[in-house]
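Using full-length UniProt numbering, you'd call the opening residue of the sequence shown number 1 and step up by one each time.
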Amino acid sequence: MNKYEDIIKQFLQMMEVDQKMRQRAINGHSQWDDKIDIENTKRLKKIVDTIGWPTISKVGKKVSKVAWLIAQHADHDLEFQKKALNLLQEAARNDEVEHKQVAYLTDRIFLKEGKKQIYGTQFKKNEQGKFVPLPLKEPENVNERRARVGLGTIEEYAKGFDK
């Protein structure tokens with residue numbers, strides 16, 4: 001049995017609540033609930049204080065991804081997102097998290113700070129209802145940067161929004 005079994009169960013529960021709320025809100029069945037992101041962030045902070053970043057070797061790939069997703073959704077707490085990014089970068093150097101998680105959180109933080117994103121992971125819907133990337137640094141080199149972290153081309157990624 002994994003010594004982090006209780007933490008793994010907590011993450012799976014947090015993911016279920018997070019994804020249900022998001023899906024219901026996207027489908028127009030309920031309101032977006034920031035309280036869920038706030039509560040999940042509090043729980044993630046406690047876990048990080050206890051075991052460090054929940055890496056693949058500690059909690060498995062799926063649960064490590066849930067930890068990243070919670071940090072990604074912690075838009076109310078930029079300082080924690082920056083801390084999480086530092087921990088993710090360190091873990092990625094040892095292949096203990098997926099490198100693309102670093103890319104997503106980097107872009108999220110940069111945009112919140114008024115900077116252009118690096119990897120083109122953040123999109124919005126324009127007036128014509130088409131999804132387009134938010135401001136991007138050196139767009140001519142974005143696919144090279146994306147490839148380095150295991151992401152497909154920005155064109156492939158954009159097609160996924162139109163489904």
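Think of the CB as a built atom: it goes at the ideal place given N, C-alpha and C, for glycine as much as any other residue.
Every value quoted in this text rests on a predicted model; they were computed, and no experiment measured them.
Using a Cβ-Cβ cutoff of less than 6 angstroms, which residues in the same chain neighbour residue i once the five nearest sequence positions on both sides are dropped?
{"i": "K125", "result": "F131"}
{"i": "M15", "result": "V66"}
{"i": "D75", "result": "none"}
{"i": "D33", "result": "M21"}
Just how far apart, CA to CA, sit residue i and residue j?
{"i": "R145", "j": "T153", "result": "9 angstroms"}
{"i": "K100", "j": "H29", "result": "31 angstroms"}
{"i": "residue 210", "j": "V17", "result": "Absent from the model: residue 210. The displayed extent of the chain is 1 to 163, so no value can be given."}
{"i": "D49", "j": "E127", "result": "43 angstroms"}
{"i": "L105", "j": "A71", "result": "8 angstroms"}
How should residue i be labelled, buried or exposed, when 16 other C-beta atoms within 10 angstroms of its C-beta is the threshold for buried?
{"i": "L12", "result": "exposed"}
{"i": "A147", "result": "exposed"}
Tell me which same chain residues have a C-beta within less than 7 angstroms of the C-beta of residue i, skipping the five on either side of it?
{"i": "F110", "result": "K116, Q117, I118"}
{"i": "S64", "result": "P54, T55, I56, V97"}
{"i": "R43", "result": "Q10, M14"}
{"i": "L136", "result": "K116, Q117, G120, V142"}
{"i": "L134", "result": "L111, Q117, Q122, F123, K124"}
Looking only at its own chain, which residues have a Cβ that is under 8 angstroms from the Cβ of residue i, when we skip the five neighbours before and after it?
{"i": "K45", "result": "F80"}
{"i": "G129", "result": "none"}
Worksheet item: Is the number of C-beta pairs between the region 64-81 and the region 115-129 that are closer than 8 angstroms three or more?
Response: no
Fill in: Meets three-Cβ-pair contact criterion under 8 angstroms: the region 83-93 and the region 47-65
Short answer: they touch.
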